[in-house]
Amino acid sequence: MSRTINWIQIRASGPGVLAFAGLLLAGCAQQPTAPAAAAPAPAPSASAPAASSPPAAAPKAAAQTIDPAIIETLDRMGNYLRSLKSFELQTASYTDTVLDGDQLAQFTRWSTLKVRRPDALRADIRDDGGDNKILYLNGKTATIFDPSTKLYAQMNAPGTLADTAKLLADRYGIELPVADLFYWDSNKTDMSTIKSADFMGYAYVDGKMTTHFLLRQADVDWQIWVERGASPLPRKLVITSTSEAARPQHSVMLRWNLSPKIAASDFEFKAPPGAHRIVIQTADGKVEKPAN
6 MSRTINWIQI RASGPGVLAF AGLLLAGCAQ QPTAPAAAAP APAPSASAPA ASSPPAAAPK
66 AAAQTIDPAI IETLDRMGNY LRSLKSFELQ TASYTDTVLD GDQLAQFTRW STLKVRRPDA
126 LRADIRDDGG DNKILYLNGK TATIFDPSTK LYAQMNAPGT LADTAKLLAD RYGIELPVAD
186 LFYWDSNKTD MSTIKSADFM GYAYVDGKMT THFLLRQADV DWQIWVERGA SPLPRKLVIT
246 STSEAARPQH SVMLRWNLSP KIAASDFEFK APPGAHRIVI QTADGKVEKP AN
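Here this note's numbering runs 5 ahead of the position in the sequence shown, where the first position is 1.
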């Protein structure tokens, strides 16, 4: 099923009500995948006599074409992400939006994230239309601020980054930038839904040598480029929704700083002069009073 990643829109929707919306695209860590390059599986089934095996045998064989080394690399990446106590991440994302007639329009967003485990994050996000938002998480409260209007909303958000990411997505329809990294960061790769996984070779991404993998699930084709060597960081993601005829894509380039200058104040929102706190609307349309 498609998930939203990662742009937060804030708009006035009635007197003093803050509504949030996200652009829909395919999820990543919860739905790893491998594209059609994994299709060598049909060859063995084609060579086998039709009478010697029941029709269901071919799909079963295809579902087992997963190289354990690929899953080990992804788990190694997850373990490495968990070992990082703090980091700064710059992303550039390119998202297809499906228009009438299955025509695709692409939009660009940039974000800078400062992260301190286990529960602190600041995300500065802007889009190609000049819109800018800032998200603050401090382990107790989530704050979303629009510098152009000086409107902000706050909600209770205790717990780890993974906990808060899930809370914001489920209750408010808000997805953190590259939210799937935080979901993935908390668990091993889920093998149960992966149909195939393939090694596609080595490639430079932003000056770093990476290993390129393709993964496939029911409704998503998913690609990842993982840095080789001692720092197995994800450097690029491409996610394709296969449940839609237009096959929209979401791609993200990731640039990591593992020795950032981060202060505790980076995660604390201080309302500037003239700022106005307003109520927030949940994903199901209910209006919540501002958090105390």
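Positions of the beta carbon are idealized from the N, C-alpha and C atoms, including for glycine.
H255 sits close to T100, with the two beta carbons spaced by under 8 Å. In terms of Cβ geometry, M214 and T96 do not form a close pair [threshold 8 Å]. Residues of the same chain with a CB within less than 7 Å of the CB of E249, apart from the 5 flanking positions on each side, are V103 in chain order.
Per DSSP, S246 is one residue of the beta strand (DSSP E) stretching across 239-246.
Burial check for A170: the Cβ neighbour count within 10 Å reaches 16 or more, so the residue is buried. Using a 10 angstroms sphere on the CB of R87, the tally of other CB atoms stays under 16, which defines it as exposed. Looking at the backbone, the Cα of D289 and that of R282 are separated by about 21 Å. The alpha-carbon separation between A174 and T78 amounts to approximately 28 Å. Shortest Cα-Cα distance from D133 to any of A125, E273, K145, S116 involves S116. Per DSSP, the beta bridge partners of S98 are R114, V257. Separation of D72 and D203 (C-alpha to C-alpha, rounded to the nearest whole angstrom) is 7 Å. Classified as exposed, P278 has fewer than 16 neighbouring CB atoms from the shown chains inside 10 Å of its CB.
Nearest C-alpha to L126 among T146, R114, D80, A110: T146.
Looking at the backbone, the Cα of H217 and that of V292 are separated by about 44 Å.
For P265, the CB contacts under 8 Å within the same chain, skipping 5 residues up- and downstream, are S91, F92, E93, K119 in chain order.
Taken atom to atom, the span from the alpha-carbon of D105 to that of Y177 is near 27 Å. Counting only the Cα atoms, N137 lies some 17 Å from V183.
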